[in-house]
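Here the protein sequences line up with chains A and B, keeping their order.
Just add 2 to wherever you are in the first sequence, counting from 1, and you've got our numbering.
Just add 1 to wherever you are in the second sequence, counting from 1, and you've got our numbering.
Positions of the beta carbon are idealized from the N, C-alpha and C atoms, including for glycine.
Below: the structure, in structure tokens.
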Amino acid sequence: MILDVSGNMEGAVMQWFDTVKTDFISSFITGDRWRMFLQGLGVTLRVTFISALLGLALGILLAFMKISKKSNGKRTVFSFIAGIYIDVIRGTPVVVQLMILYFAVLASVNNKMLVGSIAFGMNSGAYVAEIIRSGIQSIDRGQAEAGRSLGLSSRRTMQYIIIPQAFKNVLPTLGNEFIVLMKETAVLGYVGLMDLMKTGSYVVSKTYRAFMPLIGTAVIYFVVIKIFSLLLARLERRLQKNDSR
Amino acid sequence: MIRVEGLKKNFGSLEVLKGIDYEIHPGEKIVVVGPSGSGKSTFLRCLNLLETPTEGSIWFDNVLITDKRIKIDPVRRHMGMVFQHFNLFNNLTILKNLTLAPVKLKLQTKQEAEENAMRLLERVGLADKAHAYPSQLSGGQKQRIAIVRSLAMNPKVMLFDEPTSALDPELVGEVLDVMKGLAEEGMTMVVVTHEMGFAREVGTRVLFMDEGRILEEKPPREFFENPGHPRLKEFLSKVL
């Protein structure tokens, strides 16, 4: 990508286009490398979806554990366990958690994709738990009091009154967490998974040209994430339609 | 109908109720007045155990509801409560606000509950709002809905916690009218309010609370014309 500034303008531009073209061909066309990028994207998407689902399930469970109280208002043992879990997960880098899980805890499991998904699911679960907890606690206490005063149990009050409102409030934040999760999976290469990022750096190592494969990787991430955020914005608008508060 | 003995409530080190003894009989309309921080709302909220008393006993229909073994949810079905800030369920339509509890608690079928709800909405002149959401209503409309939401459970007693305090002055009348109608039908009511006109007109007995105690308790005429306690005299001279 070195430009010949001493030559005339036209020549320089032509030369630049030529380099870009050669770069593009060697990065994506030679040896059908675009297929590799596509496969890498597949891995990234699969791990993201599986771990997002795991994280959501785990996050809901942890959130309810964390807000659980005994009848005298003190925290339960579940609440303590959830608190410690969230603390540890949020206090360590995800790539460290991933490597611990892959090389130590689940070393006997051969399925890289599965271990990767579990690692990111466990990580995301902690963040989702905090999102859901804050969503539930952001609902005005009067809503719960009104439910309870009508004779509804605390479980039913949660189910019919608090959760639907909390869900609507946290949807944008959950969507954001999904996007963050997808970007974080770019460290999957540390355990030898050929995700999108790893594919990019593999191609760099083959072509000895860093610019085009990495820009290509960035563009693919950006386009996919843009699509998801547009879908999310649409869902949000639909949910918001009938109750503006 | 409701009997309270030795009721005390602390919030941390703050003593809000310092020993309340009182009995409410069927059909009575008890109006509780007093300065802010006197404990009158806390007293009301203890009656259906939205606040757990620190000490003391409360009987409802001869059942000791402060007993730890009592399941409070079935008891609360018979005690309607109306809040200062309405607390309509924001995620549900007006009709659903009224039918949620009776249907989910299997007291009425969906159809029965909806018919009943429409009758109640017509009674407060809001049948056309059945499919609206709370955010689309005025404060006065919300409070009228909150009242009939409680009535949909066919309660034996209605508790009102400053039902008009959060309303524009113009909208107070429409809510008080609904409450007066309810009183005329013979509903047992406990009303915490600053509306002295309502106390005088509707109350069968008026309580004056200050600093966690009931200082005076009289029929409204005597209460306003012949106040005994010096603290009440001072209070009335300020609010009337």
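- Message: Is there a C-beta anywhere in chain B that falls below 7 Å from the one on A168(A)?
- Response: As a first step, residue 168(A) is located in the first sequence; it is residue number 166 there, counting from the start. No, A168(A) lies away from the interface with chain B (no Cβ there is under 7 Å from its Cβ).
- Quick one: what does DSSP say M119(B) is sitting in, helix, strand or coil? Here residue 119(B) refers to the residue found at position 118 when the second sequence is read from its first residue. Reduced to three states, the DSSP call for M119(B) is helix.
- Message: I'd like to check one pair, G28(B) with G187(B): are the Cβ atoms closer than 7 Å?
- Response: Locating residue 187(B) in the second sequence gives position 186, where the first residue counts as 1. Locating residue 28(B) in the second sequence gives position 27, where the first residue counts as 1. Their beta carbons are under 7 Å apart, which means G187(B) touches G28(B) by this criterion.
- Are the beta-carbon atoms of L64(A) and A84(A) separated by less than 7 Å? Sequence index remark: in the first sequence, residue 64(A) carries index 62 (1-based). Sequence index remark: in the first sequence, residue 84(A) carries index 82 (1-based). In this structure, A84(A) lies closer than 7 Å to L64(A) by Cβ.
- Task: Name, in chain order, the residues that DSSP records as bridge partners for L65(B).
- Result: Along the second sequence, one-based indexing puts residue 65(B) at 64. Per DSSP, W60(B).
- Task: Report the neighbours of P231(B) on chain A: residues whose CB is nearer than 8 Å to its CB, in chain order.
- Result: By 1-based counting over the second sequence, the position of residue 231(B) is 230. The contacting residues do not exist; P231(B) stays about 36 Å from chain A at best.
- Message: By the three-class DSSP mapping on this structure, what secondary structure does G44(A) have?
- Response: Start at 1 with the first residue of the first sequence, and residue 44(A) comes out as number 42. Correct three-state label for G44(A): helix.
- Message: Distance check for E113(B) and T262(B), CA to CA, integer angstroms please.
- Response: A question about residue 262(B) goes unanswered here, because the residues of chain B that appear run from 2 up to 241.
- Who are the near neighbours of N49(B) in its chain, counting only those whose CB is closer than 7 Å to its CB and skipping five residues on each side? If you number the second sequence from 1, residue 49(B) lands on position 48. R77, M80, M82 and L160.
- Message: Once DSSP output is grouped into helix, strand and coil, what is the label at K76(A)?
- Response: Locating residue 76(A) in the first sequence gives position 74, counting from the first residue. It is coil, neither helix nor strand.
- Burial state of S246(A), where buried means 16 or more other Cβ atoms lie within 10 Å: For the purposes of this step, residue 246(A) is taken as residue 244 along the first sequence, with counting starting at 1. Confidence at S246(A) is low in this model, with a pLDDT of 49, below 50, so the placement of that residue should be treated as unreliable; the coordinate-derived value is given next. When all chains shown are included, S246(A) counts as exposed.
- Message: If I follow the unbroken alpha helix (DSSP H) through L173(A), where does it start and stop?
- Response: Along the first sequence, read from residue 1 onward, the residue named residue 173(A) stands at position 171. Note, L173(A): alpha helix (DSSP H), I165 to E186.
- Whole-angstrom distance between M124(A) and V45(A), CA atom to CA atom: Position 43 of the first sequence holds residue 45(A). Position 122 of the first sequence holds residue 124(A). Distance between the alpha carbons of V45(A) and M124(A): 18 Å.
- Query: Taking the alpha-carbon positions, what's the M199(A) to I31(A) distance?
  - Reply: The count along the first sequence starts at 1 and reaches residue 199(A) at position 197. The count along the first sequence starts at 1 and reaches residue 31(A) at position 29. Rounded to whole angstroms, M199(A) to I31(A) spans 18 Å at the Cα level.
- Task: Consult DSSP for V32(B) and reduce its assignment to one of helix, strand or coil.
- Result: Your numbering for residue 32(B) matches position 31 in the second sequence. Reduced to three states, the DSSP call for V32(B) is strand.
- CA-to-CA distance, I134(A) to G198(B), given in whole angstroms: To locate residue 198(B), count along the second sequence from 1; it is residue 197. To locate residue 134(A), count along the first sequence from 1; it is residue 132. Approximately 46 Å between the Cα atoms of the pair.
- Query: Is the beta carbon of E243(B) less than 7 Å from the beta carbon of F209(B)?
  - Reply: Coverage of chain B is limited to positions 2 through 241, which leaves residue 243(B) absent and any answer about it impossible.
- Item | Exposure label - R157(A); buried when at least 16 CB within 10 Å | Taking the first sequence and counting its residues from 1, one reaches residue 157(A) at position 155. Burial call: exposed.
- Message: So, at 7 Å on beta carbons, what are the nonlocal neighbours of T219(A) in its own chain, with the 5 sequence-adjacent residues on each side left out?
- Response: Residue numbering aside, residue 219(A) sits at position 217 when the first sequence is read from its first letter. Only L198, M199 and G202 meet the Cβ criterion.
- Mapping DSSP to helix, strand and coil, what is Y129(A)? Residue 129(A) sits at position 127 when you count from the first residue of the first sequence. Helix, per DSSP.
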